[in-house]
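Heads up, the thing below is written out as structure tokens.
Structure representation (structure tokens):
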């Protein structure tokens, strides 16, 4: 009887661990996507500001450099 209870407990813990790992992986994917979107938005805002202060050739150089480092 105790052995059966212990086996059920182990199975329960394994099930919970799988659910938590799956949830963590889903959240990690969401965070990665969020970070990418935020980076794109920030990069565009920086480029908009830079565009107002530099000539077009310099702007293109800056844009290429910033988008290359993704």
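In the numbering used here, the protein residues as written are 141 to 210.
Positions of the beta carbon are idealized from the N, C-alpha and C atoms, including for glycine.
By how many angstroms is the C-alpha of residue j removed from the C-alpha of residue i?
i, j, result
"residue 162", "residue 168", "10 Å"
"residue 178", "residue 171", "10 Å"
"residue 197", "residue 173", "31 Å"
"residue 181", "residue 204", "16 Å"
"residue 156", "residue 148", "12 Å"
"residue 175", "residue 188", "20 Å"
"residue 195", "residue 158", "55 Å"
"residue 145", "residue 185", "59 Å"
"residue 154", "residue 208", "43 Å"
Going by beta carbon distance, what residues of the same chain come within less than 6 Å of residue i, once the five residues before and after it are set aside?
i, result
"residue 202", "190"
If the criterion is Cβ atoms closer than 8 Å, does the pair residue i and residue j meet it?
i, j, result
"residue 183", "residue 160", "no"
Taking 7 Å as the limit between beta carbons, can you name the residues of its chain near residue i, skipping five residues before and five after?
i, result
"residue 199", "190, 191"
Apart from the five residues on each side of it in sequence, which residues of its chain come closer than 8 Å, Cβ to Cβ, to residue i?
i, result
"residue 151", "none"
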